[in-house]
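If you're matching them up, the sequences are chains F and D in order. Residue numbers for the first sequence follow numbering that gives the first Met the number 0, beginning at 0 and rising by one. Residue numbers for the second sequence follow numbering that gives the first Met the number 0, beginning at 0 and rising by one. Think of the CB as a built atom: it goes at the ideal place given N, C-alpha and C, for glycine as much as any other residue. A quick note: this is a predicted structure, and the numbers were derived from the prediction, not measured. Okay, structure first, notes after.
There are 2 protein chains.
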Amino acid sequence: MAVTIKKIAELCGVSRGTVDRVLNNRGKVKPETEALIRRVAEQLDYKPNIAGKALAARKKSFVIGVIVASEGNPFFDDVLKGIHQAENELHDYGVKIIIKTMKGYDIQRQLKLIEELEGGIHALILNSISDAEIAAKIDELTDKGIPVITLNTDIENSKRLCYVGCDYVKGGETACGMLGLLTGGRAKVGVITGSVKILGHNQRVQGFRNVIKRRYPGIEVVDFAESNDDDIIAFEATKKMLLEHKEIDALFIAAAGAYGVCRAVISLGLENKITIVCFDDVPSTVEMMEKGLIKATICQQPFLQGNKSVHIAYDYLVSGARPHNDQFIVENKIKILENLYQTP
Amino acid sequence: MAVTIKKIAELCGVSRGTVDRVLNNRGKVKPETEALIRRVAEQLDYKPNIAGKALAARKKSFVIGVIVASEGNPFFDDVLKGIHQAENELHDYGVKIIIKTMKGYDIQRQLKLIEELEGGIHALILNSISDAEIAAKIDELTDKGIPVITLNTDIENSKRLCYVGCDYVKGGETACGMLGLLTGGRAKVGVITGSVKILGHNQRVQGFRNVIKRRYPGIEVVDFAESNDDDIIAFEATKKMLLEHKEIDALFIAAAGAYGVCRAVISLGLENKITIVCFDDVPSTVEMMEKGLIKATICQQPFLQGNKSVHIAYDYLVSGARPHNDQFIVENKIKILENLYQTP
DNA sequence: TTGTATGCGTTATCAA
DNA sequence: TTGATAACGCATACAA
């Protein structure tokens, strides 16, 4: 039979209340008794029963705040779906969610949204901007007892509880691996990134270059442009790039803007010449895959990211549990036309 | 606040016990009261609280039997790991698991194993052979109140509770999609399947042909052989095939035996000529991917299959919950060298 | 500093 | 046929 608080209490000759105080660090226990209880719990490998915790937790109520830069970015549609489903799943357990959305990555705007939420939440899920001011704010919340979970974008040197998102470097490596296979290892590549200011985008490009160096000497990056995650800018930049570099026969799109890129390729009549690899499966990308323009896309489980971030926040609030290594890394999944539609 | 049995009881002016009897079909309730309770529960959209159920269920104990054809088949290593982890996760809830393994697909042997278990289990997870005698046995168990979950291989026309595994047709389609991309849509393919008697293998080949017809007229299947999931037989068959058909420049391996196939290719010095696509990422396949022989493999989340099958059995025993559409379909994941190692 | 009592939602037992 | 009550493991308000 499993070890329970009751059993530990009996074994130590104290009451359940005392064991609870020790195991949950509530203080007010004589040091000797505390030591004894800890020793016994350790030896018996006590694991709190989740169902019991959840049931007892129903009496409380948890408000979780969410801030995402989802406006005008369809990638976040599935992230938000995952969050909403988690809210549903945890509704029974007294979880309420307040979502604030923003457009693009404006530091002051994000700070303002955090301040709007901060008084009324028990935890914050933050699609964070990698910036010192934001990091300081995260530390402030954490010190106040509001854990912060970074979602999709991480931030270094902060007291965030954990990061939920993909491994961007590995994503870039996977993209290059696919391009290598699709082109027989010979390609002149144009890179269209989102912004050199965004860590994740740079990491993808870095991963891409890693694999060139490691396995594909025949792949060469001949030009590089930024789209600011905007289809129009991507369209213009791609057109310019392809006109200036007639030798380009592959495009690596490290961020949003794939639709603009594809339209540029079409407008120059280069559909059959250029191999395109990109990220995520937003509707416009799916459309371009069906047209045959985009051969492969690397996806990062947006639904799972949203869903998991909420569950992690709840688990931490209820039982102090935190994920292994302070992170939950989703997979980079290769999708081609044939395996696009599958159960999440 | 969520709807509970207590609330329904109050609203109907009866005791919790009575509501419980109605909602769990235990009988012994006056028809009028039953109708009233059902109506109220329906209207309030009553959803039983899982934590409550789990807690109450601790008093019972569940024995789940598992039969898998895992002997000599490393694919099942991860399936078994998933099962063991589920046992760990549910240990607190009184779940015990008895695993019986077999080698290959021998109907009489499988029947015998079922009979050995049948007296002492509350549910059965069965890596079933698609056969009428087995189907009849499944129905017998089901009628006795022992739900049967088919794992990795399904069986038609039976009263099994649900199927946990992949969509084999889609797996074959994905494999052909990859091969099309890797070869620029032009290939002379040799197909090495496991056995024409195994439904899943046939479905993969079917999916492969679907995509040839749909998108890749330049891909042609020139020969076909069986490996019986055995590396030695696969080795011999591949060698023969490649010697007879010098034009073959791609191999589609629909089942186990990939290692034998690769060794045949190596022994003929054709490493650089032949594009190989296969299934699953057993250690010998990973080795061949690292050597560059296998370009891509389609994986089917073995760990998740094992883990999920146990959880589904438990959920059904505790709360009568069954998965949507009587199945839990795992994904066909494309893996190349760069995204082979990731969190499960 | 410690113990006791109560409740979370569900199920089982026993008495009526 | 029904209702009352205890139990599962945990958390906590309150009493000692």
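Query raised in the report: Count the other CB atoms within 10 Å of the CB of Lys-136 of chain D; is the residue buried (16 or more) or exposed (fewer)?
Result: By the 16-neighbour rule on beta-carbons within 10 angstroms, Lys-136 of chain D is buried.
Query raised in the report: Given that a residue counts as buried once 16 or more other Cβ atoms are within 10 Å of its Cβ, and exposed if not, what is Gln-107 of chain F?
Result: exposed
Query raised in the report: Would Arg-226 of chain F be called buried (16 or more neighbouring beta carbons within 10 Å of its own) or exposed?
Result: The question names Arg, but residue 226 of chain F is Ser in the sequence shown. Answer is buried; the Cβ neighbour count reaches 16.
Requested in this report: Pull up the CB-CB distance for Gly-64 of chain D and Ile-120 of chain D, whole angstroms please, since I reckon it's below 8 Å.
Outcome: 4 Å
Requested in this report: Check each candidate in D:Asp-230, D:Gln-341, D:Val-13, D:Ile-252 and name the one with the smallest Cα separation from Val-220 of chain D.
Outcome: Val-220 of chain D has its Cα closest to that of D:Ile-252, out of D:Asp-230, D:Gln-341, D:Val-13, D:Ile-252.
Query raised in the report: What's the gap between the Cα of Asp-77 of chain D and the Cα of Tyr-162 of chain D?
Result: Taking C-alpha positions only, Asp-77 of chain D is separated from Tyr-162 of chain D by approximately 18 Å.
Query raised in the report: What is the C-beta distance between Thr-237 of chain D and Ile-191 of chain D, in whole angstroms, given that I count them as a contact (C-beta under 8 Å)?
Result: 6 Å between Cβ atoms; contact.
Query raised in the report: Just curious, the beta strand (DSSP E) that Ile-275 of chain F is in, first and last residue?
Result: 274-278
Query raised in the report: For Leu-116 of chain D, which residues of its own chain have a beta-carbon under 8 Å away from its beta-carbon, when the five flanking residues on both sides are left out?
Result: Gly-64, Ile-66, Ile-97, Lys-99, Leu-123
Query raised in the report: Terminal residues of the continuous beta strand (DSSP E) containing Val-195 of chain D?
Result: Looking at the DSSP string, Val-195 of chain D is not in any beta strand (DSSP E), and its letter there is neither H nor E.
Report task. At 8 Å on the CB atoms, spell out the chain D contacts of Thr-173 of chain F, in chain order. Result -> Ile-335, Glu-337, Asn-338
Query raised in the report: For Asn-281 of chain F, which residues of its own chain have a beta-carbon under 7 Å away from its beta-carbon, when the five flanking residues on both sides are left out?
Result: The sequence given here has Val at residue 281 of chain F, not Asn. Correct list, in chain order: Pro-73, Phe-74.
Query raised in the report: With 16 other CB atoms within 10 Å as the buried threshold, where does Asn-331 of chain F fall?
Result: buried
Query raised in the report: Roughly how many whole angstroms lie between the Cα atoms of Gly-256 of chain D and Cys-277 of chain D?
Result: For Gly-256 of chain D and Cys-277 of chain D, the distance between alpha carbons rounds to 9 Å.
Report task. Give the DSSP-derived three-state secondary structure of Glu-225 of chain F in the structure shown. Result -> strand
Query raised in the report: With 8 Å set as the bound, which would you pick, yes or no: does the beta-carbon of Gly-184 of chain D sit closer than that to a beta-carbon of chain F?
Result: no
Query raised in the report: Would Met-287 of chain D count as contacting chain F if we go by Cβ distances under 8 Å?
Result: The beta carbon of Met-287 of chain D sits no closer than 8 Å to any beta carbon of chain F.
Query raised in the report: So, helix, strand or coil for Gln-299 of chain F, using DSSP?
Result: coil
Query raised in the report: In terms of DSSP beta bridges, what is Glu-219 of chain F paired with?
Result: Here Glu-219 of chain F is bridged, per DSSP, to F:Lys-187.
Query raised in the report: Assuming Ala-85 of chain F contacts His-310 of chain F under a Cβ cut-off of 8 Å, what Cβ separation, rounded to an integer in Å, is found between them?
Result: 6 Å
Requested in this report: Under 7 Å Cβ to Cβ from Lys-5 of chain F, same chain only, skipping five residues before and after it: list those, please.
Outcome: Same-chain partners within the cutoff: Arg-15.
Requested in this report: Following the continuous beta strand (DSSP E) through Ala-320 of chain F, name the residue where it begins and the one where it ends.
Outcome: Careful: Ala-320 of chain F lies outside any beta strand (DSSP E) and carries neither H nor E.
Report task. Along the beta strand (DSSP E) that carries Ile-120 of chain D, what are the first and last residues, could you check? Result -> No beta strand (DSSP E) contains Ile-120 of chain D, which DSSP labels as neither H nor E.
Query raised in the report: Which word fits Val-195 of chain F, buried or exposed, when buried means at least 16 other C-beta atoms lie within 10 angstroms of its C-beta?
Result: exposed
Query raised in the report: Between which two residues does the alpha helix (DSSP H) carrying Tyr-104 of chain D extend?
Result: Looking at the DSSP string, Tyr-104 of chain D is not in any alpha helix (DSSP H), and its letter there is neither H nor E.
Query raised in the report: Between the C-alpha atoms of Val-21 of chain D and Lys-29 of chain D, what's the straight-line distance to the nearest angstrom?
Result: 10 Å
Query raised in the report: In the region 71-103 of chain F, which residue ranges form an unbroken alpha helix (DSSP H) of at least 4 residues, counting only runs that do not cross its ends?
Result: 74-89
Query - Supposed close pair Ala-233 of chain D, Gly-259 of chain D - CB separation, criterion 8 Å - result: 3 Å
Query raised in the report: Any Cβ of chain F within less than 8 Å of the Cβ of Leu-181 of chain D?
Result: yes
Query raised in the report: Could one say the Cβ of Ala-254 of chain D lies closer than 8 Å to chain F's Cβ atoms, at least one of them?
Result: Closer than 8 Å: no.
Query raised in the report: Given that a residue counts as buried once 16 or more other Cβ atoms are within 10 Å of its Cβ, and exposed if not, what is Glu-337 of chain F?
Result: Flag for Glu-337 of chain F reads buried.
Requested in this report: Would you mind sorting Glu-360 of chain D into buried or exposed? The rule is 16 or more other CB atoms within 10 Å of its CB.
Outcome: With chain D running from 0 to 343 in the structure shown, residue 360 of chain D is simply not present.
Query raised in the report: Where does Val-62 of chain D sit, in a helix, a strand or coil, going by DSSP?
Result: Val-62 of chain D: strand per DSSP, three-state reduction.
Query raised in the report: On the three-state DSSP scale, how would you describe Ile-128 of chain F?
Result: coil
Requested in this report: Using a Cβ cut-off of 7 Å, pull out every chain F residue sitting near Ala-53 of chain D, in sequence order please.
Outcome: Ala-50
**Report entry** Cβ contact check for the region 150-164 of chain D and the region 172-189 of chain D: 3 or more pairs under 8 Å
**Finding:** no
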